[in-house]
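Quick note, the sequences are listed as chains B and V, same order.
Mapping of the first sequence onto our numbering: residues 3 to 185, in sequence order.
Mapping of the second sequence onto our numbering: residues 3 to 185, in sequence order.
Each residue gets a CB set at the ideal place from its N, CA and C atoms; glycine is no exception.
Only a predicted model underlies this, so the values are computations on that prediction, with no experimental measurement involved.
Protein chains: 2
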Amino acid sequence: MTEPSQTQIIRDLIDRLGRLSAAEEWNGPLNPSQFAALSYLARANRFSRAPSHVADYLATTRGTASQTLKALARKDMIEETRSEADKRSISYDVTTSGTELLSTSTGLDQVIGSLPGDIQNSLASSLKALVLTALHQRGGRSFGVCNTCRHHEKSKTGSYCRLLEVSLSAIDSTQICHEHAAQ
Amino acid sequence: MTEPSQTQIIRDLIDRLGRLSAAEEWNGPLNPSQFAALSYLARANRFSRAPSHVADYLATTRGTASQTLKALARKDMIEETRSEADKRSISYDVTTSGTELLSTSTGLDQVIGSLPGDIQNSLASSLKALVLTALHQRGGRSFGVCNTCRHHEKSKTGSYCRLLEVSLSAIDSTQICHEHAAQ
DNA sequence: CTCTAATAGTAGCGAGTCGAAACTATTGCA
DNA sequence: TGCAATAGTTTCGACTCGCTACTATTAGAG
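See below:
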């Protein structure tokens, strides 16, 4: 009977927290997947709000993500916008009711908030490192914040993305981008 | 458009890690719930391996836990033992194939293992604190390790539980107990 | 310039999860 | 003795999720 390793314990803790979090999210109009998708959309920039991006972010398939988004749209949490340039693609925007729902904090949020600030910071950075490495290992995208990207260019007049060759608003720059690449 | 709070970001990271972990666990004969239950049983002491304990640990219902355990038993990962003293209660033991399965480390385990040791420790303690507080808030049990319990008594001849009034083996003392109470 | 391959999204199926409620069996207590 | 509490199971319905097949659109090779 070998002692359980530290890694297994951490993995187990993550799993349990995920379950606790999921159990709480049900106490609203949304289920856990829908909540996660909504939360992502609220933090993603305008180039990263398509079903396929949500699928990548949530480590699921396009089919599943499509269903989740349709459900969110039915509940008036998001609104779809079809692109002019590429008639295949769709982008979703969070509605005001969606934003409102996201701003209500759950029990787990309060628990996290009750941790000392420095612990919160170290926790956030450790978890972020885990997610990035895990995603990298599985060949997925990293989904970092725009202004920390290799292609982000800051000038006096504003910001610019060298990859997509577009200028970026102040908001764009602080949001999550699916094209994000580490420096 | 308010900036997302640190707590929401942490919550989101936990959620994503849970999904990544769940996606990986499928690459075996077990689904995520079954894997979590098996992992718990392997670390729980002999007083804590009943369906109701698993239900408490996984923050689910007895009905759901019952299904999960039956599935595990069908797959020969665990074995049920009916109690003599109380004919209602059942205890599950992990089989050798179950132990074997648990010892194979997944991708996420490797990612966690690749973190520096001190980061692992601080991550484990932060997550543990979160789980404990969240469980407390929701009125659940804490499920700590036996020898850190208020009722644990260590003597020269061995250990003893003042609550259950039984003597404890060396293994018992290092396992998870559903009766665990903080000092 | 056309025809094929790749891409974005959706629909439907089937296996499985999960919670709620109803149910059986056993035990405890008044 | 009898009623309430407890342990576990079963069943049902709503939902998730991956898979496959499908449509529509776009890109690219020849």
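query: Taking Cβ positions only, does V:ILE11 come closer than 8 Å to chain B?
result: Any Cβ of chain B closer than 8 Å to the Cβ of V:ILE11 would place that residue at the interface, and such an atom is present.
- request: Determine the closest residue to V:THR101 out of V:ALA87, V:LYS89, V:ILE80, with distance taken between C-alpha atoms.
  value: For V:THR101, the nearest C-alpha among the options comes from V:ILE80.
- prompt: Near B:LEU103, which residues of its chain fall below 8 Å by C-beta distance, leaving aside the five closest residues on each side in sequence?
  reply: The answer, listed in chain order, is GLY30, PRO31, LEU32, LEU40, MET79.
message: Please state the DSSP three-state secondary structure of B:CYS151.
response: DSSP places B:CYS151 in the coil class of the three-state scheme, outside both helix and strand.
- prompt: Going along the chain, which residues of its own chain have a beta-carbon closer than 7 Å to the beta-carbon of V:PRO53, five neighbours each way excluded?
  reply: Around V:PRO53: ARG64, ALA67, SER68, LEU71, ILE92.
- request: Please determine if the segment 102-119 of chain V and the segment 133-150 of chain V are in contact, where contact requires at least 3 C-beta pairs separated by less than 8 Å.
  value: Flag = no, the segment 102-119 of chain V and the segment 133-150 of chain V do not touch.
field: Any chain V beta carbon closer than 8 Å to B:GLY20
entry: Judged by the 8 Å Cβ criterion, B:GLY20 is in contact with chain V.
query: If you run the structure through DSSP and keep just helix, strand and coil, what is V:ALA46?
result: V:ALA46: strand per DSSP, three-state reduction.
query: Taking DSSP as the reference, what is the three-state secondary structure of V:ALA183?
result: Note: V:ALA183 maps to coil in three-state DSSP.
- prompt: Opposite V:ARG84 in the DSSP bridges: which residues?
  reply: V:ARG84 is bridged to V:ILE92.
query: Can you tell me where the alpha helix (DSSP H) with B:LEU104 in it begins and where it stops?
result: Where B:LEU104 is concerned, the enclosing alpha helix (DSSP H) stretches over 98-105.
- prompt: In its own chain, which residues sit with a C-beta less than 8 Å from the C-beta of V:ALA75, not counting the 5 before and 5 after it?
  reply: In the same chain as V:ALA75, and ignoring 5 residues on each side of it, the C-beta atoms closer than 8 Å to its own belong to GLU81, GLU82, TYR94, in chain order.
message: Rounded to the nearest angstrom, what separates B:HIS138 and V:THR62 at their Cα positions?
response: If you draw a straight line from the Cα of B:HIS138 to the Cα of V:THR62, it comes to about 32 Å.
message: Could you compute how far the alpha carbon of V:SER175 sits from the alpha carbon of V:ASN149?
response: Approximately 5 Å, taken between the alpha carbons.
task: Please go through the same chain and pick out, in chain order, the residues whose beta-carbon is closer than 6 Å to the beta-carbon of V:GLN185, but skip the five residues on each side of it.
output: Taken in chain order, the residues that qualify are ARG152.
task: Please compile the residues from chain V whose C-beta is within a distance smaller than 7 Å of the C-beta of B:VAL2.
output: Any answer about residue 2 of chain B is impossible in this case: the structure gives chain B only from 3 up to 185.
- request: Return the CA-CA distance between V:GLU2 and B:ILE12, expressed in angstroms with no decimal places.
  value: Shown here, chain V extends from 3 to 185; a query on residue 2 of chain V therefore has no answer.
message: Taking a contact to mean a Cβ-Cβ separation below 8 Å, would you say V:ALA44 touches V:PRO34 in this structure?
response: Taking 8 Å as the cut-off, the beta carbon of V:ALA44 is found no closer than this to the beta carbon of V:PRO34.
Same chain, Cβ closer than 7 Å to B:MET3, neighbours up to 5 away in sequence not counted: Low per-residue confidence applies at B:MET3: pLDDT is 48, beneath 50, and the placement is therefore not dependable enough to give any value.
- prompt: Under a three-way DSSP split, which group does V:LEU32 fall into?
  reply: V:LEU32 falls in the coil class under three-state DSSP.
- request: Report all residues from its chain with a CB closer than 7 Å to the CB of V:SER99; omit the five preceding and five following residues, and keep chain order.
  value: Only ASP78, MET79 meet the Cβ criterion.
message: If you measure between the beta carbons of V:ILE16 and B:LEU134, is that distance less than 8 Å?
response: No.
field: Top-ranked residue by Cα proximity to V:GLU155, from V:GLY109, V:ASN123, V:HIS182
entry: Residue V:HIS182 is the option with its Cα nearest to V:GLU155.
- request: Compare the C-beta of V:SER116 against all C-beta atoms of chain B and say whether one is closer than 8 Å.
  value: It does; some Cβ of chain B falls within 8 Å.
- prompt: Hey, B:LEU125 and V:ALA136 are a contact pair by Cβ (cut 8 Å); roughly how many whole angstroms apart?
  reply: 14 Å between Cβ atoms; not a contact.
- request: Kindly indicate the opening and closing residues of the alpha helix (DSSP H) around V:LEU129.
  value: First-last of the alpha helix (DSSP H) with V:LEU129: 119-139.
- request: Go to B:LEU74, then tell me how far its alpha helix (DSSP H) extends in each direction, as first and last residue.
  value: For B:LEU74, the enclosing alpha helix (DSSP H) has its first and last residue at 64-76.
query: On the three-state DSSP scale, how would you describe V:SER157?
result: Reduced to three states, the DSSP call for V:SER157 is coil.
Residues of the segment 120-145 of chain B with Cβ closer than 8 Å to any Cβ of chain V, in chain order: For the segment 120-145 of chain B, the beta-carbon criterion of a distance under 8 Å to any beta-carbon of chain V is satisfied by ILE121, GLN122, ASN123, SER124, LEU125, ALA126, SER128, LEU129, LYS130, ALA131, LEU132, VAL133, THR135, ALA136, LEU137, GLN139, ARG140.
field: For V:SER169, the first and last residue of its enclosing beta strand (DSSP E)
entry: Taken as a continuous stretch (DSSP letters only), the beta strand (DSSP E) holding V:SER169 covers 168-170.
message: With the cut-off set at 8 Å, would you say V:GLN122 and B:GLN8 are in Cβ contact?
response: Yes, the pair counts as a contact, with Cβ atoms nearer than the cut-off.
field: Own chain residues within Cβ distance below 8 Å of V:LEU186, not counting five before or after
entry: Because chain V is modelled from 3 through 185, residue 186 of chain V falls outside the range shown and cannot be assessed.
field: Contact set for V:VAL96: own chain, Cβ-Cβ below 6 Å, skip 5 residues either direction
entry: Correct list, in chain order: LEU43, ALA44, ILE80.
- prompt: Does any C-beta atom of chain V lie closer than 8 Å to the C-beta of B:SER100?
  reply: In the sequence under discussion, the amino acid at residue 100 of chain B is Gly, which differs from the Ser named in the question. Not an interface residue.
query: So, using beta-carbon positions, are V:LEU19 and B:ARG21 closer together than 8 Å?
result: Contact check for V:LEU19 against B:ARG21 fails: the beta carbons are separated by 8 Å or more.
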